[in-house]
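K.L.:
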Amino acid sequence: MIVLLEEPEAWSLMMLVSAIAVDNADISDEGKDAIRRWRSDRPETSPEMQELTEELNKALNAKLDAKFFRRVKNRGWYETVRK
1 MIVLLEEPEA
11 WSLMMLVSAI
21 AVDNADISDE
31 GKDAIRRWRS
41 DRPETSPEMQ
51 ELTEELNKAL
61 NAKLDAKFFR
71 RVKNRGWYET
81 VRK
């Protein structure tokens, strides 16, 4: 399975996660301001957002690969299996 988020999707995800962190996390006002600055430094069409999208896609797909593909020993041989 491959997941590829496009830049607007990754931007929406970033906005949602950062808004939840600012609103619900037990962090200091300085921490909340730092999150807001980090978020404002990454508008939807910025190079930083493009880089974040690429890194997010890599991380998501690495996690999915680790979850769904396993090497198991079967009768003395190692096989790659899907879970």
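Position 76 of the sequence shown, counting from 1, maps to 76 under the working numbering, and the rest follow consecutively.
In this text, a Cβ means the ideal position worked out from N, Cα and C, and glycines have one as well.
Hey, how far is the Cα of R39 from the Cα of S12?
P.N.:
Taking the straight line joining both Cα atoms gives about 11 Å.
K.L.:
On a CA-only basis, which of K32, L60, D65, A66 is nearest L4? Give me that one, please.
P.N.:
Of the candidates K32, L60, D65, A66, the one whose C-alpha sits nearest the C-alpha of L4 is L60.
K.L.:
With hydrogens ignored, establish whether the beta-carbon of N61 is closer than 6 Å to any heavy atom of the ligand NAP.
P.N.:
Inclusion of the ligand NAP in the displayed structure is not the case, the ligand content being empty and no account of it being possible.
K.L.:
At which residues does the alpha helix (DSSP H) containing T45 begin and terminate?
P.N.:
No alpha helix (DSSP H) holds T45; DSSP gives it neither H nor E.
K.L.:
Does the Cβ of T53 have 16 or more other Cβ atoms within 10 Å, making it buried, or fewer, making it exposed?
P.N.:
Classification of T53: buried, given that the 10 Å Cβ count is 16 or more.
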